[in-house]
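**Student:** Okay, handing you the structure first.
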Amino acid sequence: MSLDRPCEVRPLSKRYGSHTGVDDLSFSIPRDQVVGLIGPNGAGKTTTMKMLLGLVRPTGGDISLLGRTVGEPNWGAALQRVGSMLEAPPIYDRLTARQNLEYQTLAVGGTVDQSDIDTLLRLVDLAGRADDRPRGYSLGMRQRLGIAIALVGHPELVILDEPGNGLDPAGILEIRQLMCRLPEAGTTVLVSSHQLAEVQQACNQRSILANGRTVAQGTTEEILSGRSQHVFHVTVDDGDVPATADALRAADLDAFDRAGSMFVITPPAEIDGRDLNLLLATSGVYASAISQPVASLEDAFLDLVQHPSSELDIAQKATIS
Ligand code: ATP
């Protein structure tokens, strides 16, 4: 069966005694996408993934996984079409990479087909080391083998908890490239990370968590929309700095900051770069550059997780759909 949304989560909560691990989290995962669950340590990523896999029982809400409700009779049939890697990859060091995949195939009740295993090894870029034992692998290679193990049986959805954890930038890049290839192979991806940059380019959609709550959801553009400030950077020649300061002050634009010959100005909404240029020109100052800084997703992420109260206008604007 193929569904437009392999997974839908409706206000999901998990309480541990008086402590809230996950708080009213809702999202859905569109098919053939890479969706990121991103947040700092303790945000609730692992708990959410465990609830999706039926390893932790929610306190409230429900989860639809490949058309079945997690925890209800027969939902295990859906689980068989979901792969996962939570925490350390389940690798047997005494077996080669190929044997690990053969073992996993048998463990999930499949029949070993070497051409399937070769395809998986190529997908995770381990074909050249297939007959080596993973003991000598780098951390990145072990993570990629772990992902291959999660992909045994062609799951429709794979859930990966922090697959880039502890990897160097090259290892993170390899994991990112691998995740981008999975939808082409028919597998939708839910991946968690505490570093936005790690998954930023791989994910079509992302949900940013802080303190167990969603503080933003959507594409990069949706998360950034409404976060651009009305700020201008105006750069002038060194000799024009005093005249520029005077002109700005005379125009009541004195709430500005300066770094060398660059002025950082936050004018009223009705004043744009052209007005600033005209204002300076009438004072005999010709700016060498006037620009508006663009907020990066990283800035938005830090702002959202550090000031979660500013969250919900964004979350309401942009919903993973
Ligand atoms: P990390 O990146 O550190 O793994 P995370 O985003 O995956 O963080 P979770 O591990 O899901 O976060 O934890 C969410 C919150 O729930 C944390 O405050 C954590 O301390 C709490 N928590 C998780 N598991 C338990 C448990 N078994 N008992 C009590 N509290 C728990």
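Residue numbers (the working numbering): 27 to 347. Glycine is no exception: its CB is placed at the ideal position from the N, C-alpha and C atoms.
#1: I'd like the ranges of any alpha helix (DSSP H) spanning at least 4 consecutive residues and lying wholly in the segment 213-249.
#2: Going by other Cβ atoms of all chains shown within 10 Å of its Cβ, with 16 needed for buried, is P268 buried or exposed?
#3: Three-state secondary structure (DSSP) at S314?
#4: Go through the segment 266-311 residue by residue and report every complete run of the beta strand (DSSP E) that reaches 3 residues or more, in order.
#5: Does the Cβ of H45 lie closer than 7 Å to at least one heavy atom of the ligand ATP?
#6: With a Cβ-Cβ cutoff of 8 Å, do A313 and V257 count as a contact?
#7: If you run the structure through DSSP and keep just helix, strand and coil, what is T137?
#8: What residues in its chain sit with their C-beta under 7 Å from that of D264, if we drop five residues either side in the sequence?
#9: Which residue or residues does DSSP assign as beta-bridge partners of I64?
#10: Cutting at 8 Å between CB atoms, please list the residues of its own chain near P37, excluding the five before and the five after it.
#11: Mapping DSSP to helix, strand and coil, what is G43?
#12: Looking at the strands, I want to know which residues DSSP matches up with V184.
#13: Measuring straight from C-alpha to C-alpha, what distance separates H45 and L78?
#14: Are the beta-carbon atoms of L171 and P115 separated by less than 8 Å?
**Tutor:** The answer reads as follows:
#1: 222-226
#2: Here residue 268 refers to the residue found at position 242 when the sequence shown is read from its first residue. Exposed, by the Cβ-count rule.
#3: Reading the sequence shown from its first residue, position 288 is the one you call residue 314. Reduced to three states, the DSSP call for S314 is coil.
#4: 282-285, 288-291
#5: On the sequence shown, residue 45 is found 19 positions in, with the first residue counted as 1. Yes, since a heavy atom of the ligand ATP falls inside the 7 Å radius drawn around the Cβ of H45.
#6: In the sequence shown, the residue the question calls residue 313 occupies position 287. In the sequence shown, the residue the question calls residue 257 occupies position 231. Going by C-beta atoms, A313 is not nearer than 8 Å to V257.
#7: The count along the sequence shown starts at 1 and reaches residue 137 at position 111. Of the three classes helix, strand and coil, the one that applies to T137 here is coil, per DSSP.
#8: In the sequence shown, the residue the question calls residue 264 occupies position 238. S287, listed in sequence order.
#9: Taking the sequence shown and counting its residues from 1, one reaches residue 64 at position 38. S219, I234, per the DSSP bridge assignment.
#10: Residue mapping note: residue 37 aligns to position 11 of the sequence shown, counting from 1. Excluding residues within five positions, the ones whose Cβ falls inside 8 Å are D50, L51, S52, G86, G87.
#11: Start at 1 with the first residue of the sequence shown, and residue 43 comes out as number 17. G43 falls in the coil class under three-state DSSP.
#12: Indexing the sequence shown from 1 puts residue 184 at position 158. G109, V215, per the DSSP bridge assignment.
#13: In the sequence shown, counting from the first residue as 1, residue 45 sits at position 19. In the sequence shown, counting from the first residue as 1, residue 78 sits at position 52. Each residue's Cα considered, the two are about 20 Å apart.
#14: Here the question's residue 171 lines up with position 145 in the sequence shown. Here the question's residue 115 lines up with position 89 in the sequence shown. Their beta carbons are under 8 Å apart, which means L171 touches P115 by this criterion.
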